[in-house]
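Written out below as structure tokens is the structure these notes cover.
Number of protein chains: 4
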Amino acid sequence: MPGSSFGRLFRITTFGESHGPAVGVIVDGVPAGLPLTKEDVEFELSFRRPGRLFVSGRREKDEPEILSGIFNGRTTGSPIAIMVRNNDIISSLYEEVKTKPRPGHADLPFIFKYGYENWDYRGGGRSSARETVGRVAAGAIAKKLIMSKGTLVAGYLKSLGPASTNATDFHSIICSKYSPVRAPDKETEEIYEKLVKEATVEGDSYGGIAEIVADNVPRGLGEPVFDKIKADLGKAIMSIPAVTGFEYGLGFRAASMKGSEANDEIVSESGEIKWKDNLSGGILGGITTGERIVIRCSFKPTSSIRKPQGTVDLRTGEKTTISVKGRHDPAVAIRGVTVAESMVALVLADHMLRSGVISLSKLEKEEAEASQRNWERYVKECVPMEGSQ
Amino acid sequence: MPGSSFGRLFRITTFGESHGPAVGVIVDGVPAGLPLTKEDVEFELSFRRPGRLFVSGRREKDEPEILSGIFNGRTTGSPIAIMVRNNDIISSLYEEVKTKPRPGHADLPFIFKYGYENWDYRGGGRSSARETVGRVAAGAIAKKLIMSKGTLVAGYLKSLGPASTNATDFHSIICSKYSPVRAPDKETEEIYEKLVKEATVEGDSYGGIAEIVADNVPRGLGEPVFDKIKADLGKAIMSIPAVTGFEYGLGFRAASMKGSEANDEIVSESGEIKWKDNLSGGILGGITTGERIVIRCSFKPTSSIRKPQGTVDLRTGEKTTISVKGRHDPAVAIRGVTVAESMVALVLADHMLRSGVISLSKLEKEEAEASQRNWERYVKECVPMEGSQ
Amino acid sequence: MPGSSFGRLFRITTFGESHGPAVGVIVDGVPAGLPLTKEDVEFELSFRRPGRLFVSGRREKDEPEILSGIFNGRTTGSPIAIMVRNNDIISSLYEEVKTKPRPGHADLPFIFKYGYENWDYRGGGRSSARETVGRVAAGAIAKKLIMSKGTLVAGYLKSLGPASTNATDFHSIICSKYSPVRAPDKETEEIYEKLVKEATVEGDSYGGIAEIVADNVPRGLGEPVFDKIKADLGKAIMSIPAVTGFEYGLGFRAASMKGSEANDEIVSESGEIKWKDNLSGGILGGITTGERIVIRCSFKPTSSIRKPQGTVDLRTGEKTTISVKGRHDPAVAIRGVTVAESMVALVLADHMLRSGVISLSKLEKEEAEASQRNWERYVKECVPMEGSQ
Amino acid sequence: MPGSSFGRLFRITTFGESHGPAVGVIVDGVPAGLPLTKEDVEFELSFRRPGRLFVSGRREKDEPEILSGIFNGRTTGSPIAIMVRNNDIISSLYEEVKTKPRPGHADLPFIFKYGYENWDYRGGGRSSARETVGRVAAGAIAKKLIMSKGTLVAGYLKSLGPASTNATDFHSIICSKYSPVRAPDKETEEIYEKLVKEATVEGDSYGGIAEIVADNVPRGLGEPVFDKIKADLGKAIMSIPAVTGFEYGLGFRAASMKGSEANDEIVSESGEIKWKDNLSGGILGGITTGERIVIRCSFKPTSSIRKPQGTVDLRTGEKTTISVKGRHDPAVAIRGVTVAESMVALVLADHMLRSGVISLSKLEKEEAEASQRNWERYVKECVPMEGSQ
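Taken in sequence, the protein lines are chains A, B, C and D. When we follow my numbering, the leftmost residue of the first sequence carries the number 2, and every step to the right adds one. When we follow my numbering, the leftmost residue of the second sequence carries the number 2, and every step to the right adds one. When we follow my numbering, the leftmost residue of the third sequence carries the number 2, and every step to the right adds one. When we follow my numbering, the leftmost residue of the fourth sequence carries the number 2, and every step to the right adds one.
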């Protein structure tokens with residue numbers, strides 16, 4: 002049954018396979034009046050694009066075409082369809098996969114579910130991370146929409162294999178998008194790059210942890226009791242290929258703590274109620290507190306590795322090995338940061354509409370202008386939004 | 002906007018507040034022909050019931066009344082409404098909360114969202130874990146439904162504060178339901194009990210980690226790309242009060258591993274394709290592999306503690322402290338295990354319907370009988386289902 | 002699969018069978034701050050209550066119990082569960098139905114769908130019009146909510162069997178609720194009553210057409226392209242038991258007209274753009290124009306009649322006849338008017354939330370007060386709302 | 002908020018405006034294994050294509066491109082995206098509309114809802130019937146899917162302006178697709194053609210009534226109580242541009258009848274239970290009976306007419322007139338028949354999945370073959386399906 006849609010009021014539906022004609026997305030529920038161009042979408046796509054250093058060698062220009070929903074540079078309230086053609090396809094690399102399912106991949110589950118004879122084995126078909134092009138394209142719209150309220154989502158790679166770091170401030174997180182390994186500082190960048198190069202040489206791969214932060218989040222987002230913001234973020238993030246875990250605030254660390262340690266004191270700051278240390282990552286009772294949202298997710302190492310691995314030949318049922326060809330990321334977590342950012346932006350856009358923070362039918366002129374101004378800061382200056390603390 | 006429903010084809014809608022007249026649930030989408038009695042629901046509710054040792058002292062008999070959807074001891078295909086009256090209410094304990102929001106609680110977010118004047122401050126209102134009565138009642142139906150395919154969901158407390166353990170086998174997990182602290186063995190039980198007693202004396206609380214395992218899961222569950230089984234489990238679990246993190250299989254550990262370590266070899270066992278070590282927790286590409294599903298979630302320590310904590314007086318804006326009264330669990334994770342089990346069962350029931358594994362309109366006679374037989378084993382013998390490995 | 006919910010943002014889920022313990026509804030998505038009492042719900046239920054003259058003789062007090070979502074006389078933003086116990090049940094009347102399916106009823110389709118052995122044959126089970134108690138209870142909340150914008154929904158019986166009429170003004174439509182046959186004037190009332198008496202004597206029944214009008218409707222409701230207001234009204238109305246047709250504005254009459262006749266001229270009235278004759282029933286392109294919404298629906302004659310009708314004995318497969326016992330309305334269209342009003346109110350409440358006309362999380366004080374003031378006018382004075390034209 | 006999706010399990014999302022780059026649809030929820038080609042989609046599109054005699058003069062080749070979801074000529078279970086480029090666009094014809102809203106059109110409602118500055122006035126933008134390209138493309142898939150069970154949906158034009166007819170048999174209904182005015186017989190065709198020519202000469206237009214029949218429908222489709230098949234058909238049909246009314250079976254005629262006339266006798270025919278005259282149009286209690294589904298809908302006359310009509314100049318607020326230019330159908334009902342057929346097929350496909358009649362994940366080989374065989378009969382021979390009565 003249908004599983005290609007996400008979101009309730011800001012609703013996306015993605016389509017496309019790794020080696021089909023195109024991938025893309027329909028974004029429905031965008032209020033009228035948001036300034037939007039093809040270049041805005043392209044900007045976001047550039048950070049998940051393959052062919053950059055340290056990621057997959059597949060060369061896709063990933064040029065989006067907006068097929069509907071825009072008139073005179075602004076959204077009209079109608080659904081926005083965006084398509085990206087698949088160009089650099091080498092399906093011949095996948096002939097071996099047809100009979101030797103790859104460890105760590107969805108090959109066998111797809112065969113179980115849809116039937117061997119209906120299985121598009123080329124490049125993982127629908128289970129390929131290429132599907133996330135649609136998410137990131139939609140994420141560009143979501144990011145721009147929530148900028149009408151000054152909200153900014155940004156992330157970085159908190160750990161890569163055995164190495165880890167802590168971003169010192171929000172600015173360094175925003176700027177990590179210009180690091181080829183999504184590191185928040187130069188020192189970490191060098192360490193991550195070294196690890197990635199080693200893994201590439203070995204024909205192996207690494208996992209990693211992304212941390213995503215949302216700044217300037219309106220209070221009161223999240224709908225009890227099932228559509229809590231933490232639940233919708235959890236679903237959004239867990240739906241990303243290769244993600245194996247999700248947490249927010251103290252996360253798993255809270256499990257070994259006492260209540261007197263994990264509870265965050267409520268304080269008054271210049272007449273405004275706040276929390277002392279934001280231990281809860283901006284969320285209490287599943288509802289945003291107005292503090293920064295902080296979430297983390299773990300990516301498993303790229304499943305496609307050159308090192309031979311044990312599998313079964315589907316024709317004979319005999320044991321065999323496969324060395325996965327094709328052009329693959331040494332650590333999917335690197336490009337995964339952009340995808341995770343997009344998913345967080347989608348959830349926030351959806352919930353700003355759901356709680357009425359953003360108007361459902363059309364933006365006011367000032368909202369549209371704030372969005373455009375903040376977007377330009379984001380693109381050019383790598384700095385937080387207006388109104389950020 | 003509405004957030005009280007969960008599931009697509011097996012769909013529940015809960016209602017009720019901590020100190021209102023009743024809590025309950027409507028379960029819609031249950032096929033006709035499933036044997037179901039009030040006692041079945043009561044059995045599951047008994048494991049989350051307050052008033053047992055080591056959990057909250059609130060004494061609720063939690064007697065469910067089935068208001069619809071059952072005829073002659075079987076489901077009819079119509080929605081099943083279940084109501085549990087709230088009896089042991091002492092709202093006077095909450096007068097202080099009216100002006101002193103509790104750290105770690107949803108008091109302030111509810112005020113932000115719905116307005117101070119509309120806030121039901123008694124016992125947390127809708128944000129109270131009492132809401133989970135409806136989830137567990139629905140979980141009983143879900144558990145029984147998926148037993149028609151021999152699937153069993155069971156969980157235990159993997160860690161409590163500083164202590165942790167590993168269940169040695171599935172049987173010990175099932176039987177942990179009879180441990181007052183959800184420990185899978187006697188030794189752990191003693192450690193957990195000691196910790197709980199200490200926390201109670203100190204007026205403090207502990208966090209913990211629950212591990213939930215589903216045995217005998219059909220292959221092919223999960224709908225790409227957003228309704229992957231890992232995504233729906235993530236949402237289900239993250240929607241539980243006090244849960245701060247979710248993972249499956251290797252979870253966060255995968256982030257520091259290499260691909261050659263984290264990938265699980267595909268093997269052939271008596272002609273059937275399987276995975277060597279089930280490192281992926283029964284899920285690949287977001288679809289079930291047929292291996293056991295293994296998920297974990299972290300619960301933060303109970304927020305309600307007697308130890309005084311800093312807050313702000315809403316009348317004056319001045320700093321003050323609150324010592325939370327009322328009858329509270331020293332570790333919500335204990336009763337949380339039952340709630341997490343229910344949520345996993347709900348997701349599996351939903352996805353067995355979504356993939357057509359369970360018939361949508363009515364059960365066949367043999368399915369209904371298998372469900373009843375397995376349920377009786379579950380209730381009486383604390384053993385796995387028929388067909389389990 | 003689940004079919005017991007209606008609405009997207011103002012979302013109801015009904016439960017209950019004719020002869021089960023109770024019927025009722027959960028209303029999710031009601032903003033906080035709406036004044037609401039049990040009496041408000043009871044007021045609306047009184048117009049669909051059986052036991053009044055000219056409707057079914059079943060004597061149900063239909064006393065609603067509000068189980069959740071209200072605190073201090075106002076909604077809290079949490080789901081509102083309402084339950085009405087079934088009291089006056091005489092199931093013995095239905096023993097014959099067990100083997101002789103009733104013409105015009107859902108007996109056989111339910112048997113086909115859910116299996117004979119799971120079929121609740123008592124009083125039609127879930128297919129009984131008793132289910133509409135939940136709709137009307139929810140409709141009371143919807144009506145009160147949209148009164149915060151001065152919108153009022155009212156209906157009358159435009160035709161009964163061979164007789165028909167036209168309401169002369171909106172006031173007479175509102176006041177028809179106090180007519181035992183929902184006639185908008187005394188003369189028609191007499192004609193309708195005479196027809197109803199004749200049908201009762203004959204052991205037969207009549208069909209009828211209800212016309213429902215919504216006054217003071219905000220412009221811009223309806224979401225292209227599938228959730229047009231005409232489409233959602235169509236679904237809402239067609240889901241009512243016994244309804245066989247739906248139309249709005251010119252309806253079926255438009256089919257035989259020319260464009261130059263059916264198009265409505267756009268005019269300017271004191272600086273405001275309006276339509277000359279509201280030929281389109283307040284809807285163009287599926288979106289509200291601000292003119293009155295006018296819809297009509299046909300009810301078939303009550304299927305349960307004393308006159309013997311041909312059927313088949315399920316035990317023998319032989320031809321037989323059935324004379325339906327039980328207490329039945331001579332024309333379901335009479336009580337159907339109230340149900341249709343409720344469904345229209347539900348759609349309007351949903352769409353006022355969907356377009357942002359009514360705030361999603363909480364009402365402003367003035368909105369709450371306007372709602373209460375308008376409700377009191379509605380209850381006491383049988384007059385249009387404030388701001389009505 | 003989003004309104005561009007329809008269906009629960011067979012779920013379509015359309016995009017595109019009259020004068021944008023493209024129109025299209027994503028169809029999600031199609032089981033794997035259905036044979037499907039671009040030509041299948043093209044075949045259905047050919048019946049709603051403009052540029053044929055008696056319909057709009059716009060010349061669109063309407064060549065569909067399938068962007069995803071197909072591999073080796075069969076569906077894979079992944080979403081199917083279909084795009085049709087807009088080619089023959091003459092936007093200059095719409096400059097006048099910018100300031101003179103057209104009577105009978107959605108111009109003003111769109112301005113109210115989304116803001117004048119965000120309004121795509123070219124050719125009606127999203128409110129144009131060009132959007133139905135996506136519906137018909139999806140309808141082709143739905144039709145082919147339900148042919149796996151031998152179900153066939155076909156329709157004809159029952160009335161055009163003052164003229165009307167009754168199809169004598171199902172075959173003549175199927176073959177009406179080759180009539181340029183969707184007449185079921187030659188005599189009617191001549192009458193309809195004459196009316197259409199007259200209207201064209203006058204610069205006027207006609208309304209009409211389409212009757213759609215579904216043959217060989219499985220029993221038990223429809224989900225009580227809101228997703229009754231009559232309710233979902235009602236919504237589907239009422240969402241079509243220009244449709245003003247919907248009815249099934251006796252429809253509005255039932256309102257003036259007695260129960261003893263409108264009830265249909267249950268009879269036994271060669272051991273099978275059936276209904277004597279199918280007065281209820283194949284639906285009882287909102288569930289299919291297995292008899293033919295018969296529905297009718299009224300189309301208003303094309304709103305775009307050359308005859309001058311009164312409107313208001315938006316710049317001055319003064320009275321003026323507009324004579325609508327562009328290439329328009331003299332009777333939208335003609336092409337509307339194909340759209341209505343598609344919507345009925347979409348509802349049936351959705352409900353066959355919802356009740357489990359069609360498998361959710363993949364078709365069996367025999368089902369796929371039956372679908373292909375029946376499709377070929379449909380395309381070539383204009384005859385009912387296998388198994389039809």
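Using N, Cα and C, we set each Cβ at its ideal position, and we do this for glycine too. The model shown is predicted, which means the values in this text are computed figures rather than measured ones.
Round the Cβ separation of residue i and residue j to the nearest angstrom and send it over; I've been treating them as touching at under 8 Å.
i        : j        : result
GLY34/C  : LEU251/C : Between LEU251/C and GLY34/C the Cβ distance is about 39 Å, and since that is not below 8 Å, they are no contact.
ILE183/B : TYR157/B : The sequence shown places Arg at residue 183/B, rather than the Ile named in the question. The pair is a contact, with the Cβ atoms about 5 Å apart (cut-off 8 Å).
GLY357/D : LEU361/B : 4 Å
ASN119/C : GLY78/B  : 7 Å
ILE294/B : ILE306/B : In fact, because the Cβ distance is near 34 Å, the residues do not count as touching under 8 Å.
Checking 8 Å against the spacing of the C-beta atoms, do residue i and residue j come in under that value?
i        : j        : result
TYR102/A : LEU315/A : At residue 102/A the sequence reads Pro, which differs from the Tyr that was named. Cβ distance < 8 Å, so PRO102/A and LEU315/A count as in contact.
MET344/B : ALA237/B : yes
GLY286/C : PHE16/D  : no
VAL244/B : PHE300/B : yes
LEU349/B : ILE13/B  : no
LEU68/B  : GLY21/C  : yes
GLY221/D : LYS114/C : yes
GLU212/C : LYS159/C : yes
Establish whether the CB of residue i and some CB of chain C are separated by less than 8 Å.
i        : result
PHE247/D : yes
PHE72/B  : yes
PHE7/A   : no
ALA256/D : yes
GLU18/B  : yes
ARG49/D  : no
Using a Cβ-Cβ distance cut-off of 8 Å, determine whether residue i contacts chain A.
i        : result
GLY357/C : yes
GLN390/D : In this prediction, GLN390/D scores a pLDDT of 47, lower than 50, which makes its location untrustworthy; no coordinate-derived value is stated.
Of the choices the options, whose alpha-carbon is the least far from that of residue i?
i        : options                                   : result
GLU224/B : SER128/A, LEU222/A, ILE306/A and VAL154/A : SER128/A
MET84/A  : GLU43/A, THR100/A, ILE91/A and TYR95/A    : GLU43/A
THR322/D : ARG9/C, ARG378/C and VAL268/C             : VAL268/C
Given this structure, state the Cα-to-Cα distance separating residue i from residue j, to the nearest angstrom.
i        : j        : result
SER6/B   : THR189/A : 44 Å
ALA168/B : LEU46/B  : 24 Å
HIS106/B : LEU94/A  : 54 Å
ASP425/D : GLY311/C : Look at the range of chain D in this structure, 2 to 390, and you will see that residue 425/D is not part of it.
ALA130/B : SER19/B  : 8 Å
LYS144/C : LYS231/B : 41 Å
Could you confirm whether any beta carbon from chain B is found closer than 8 Å to the beta carbon of residue i?
i        : result
ILE274/A : yes
Can a CB atom of chain D be found closer than 8 Å to the CB of residue i?
i        : result
PHE253/C : yes
ARG127/C : yes
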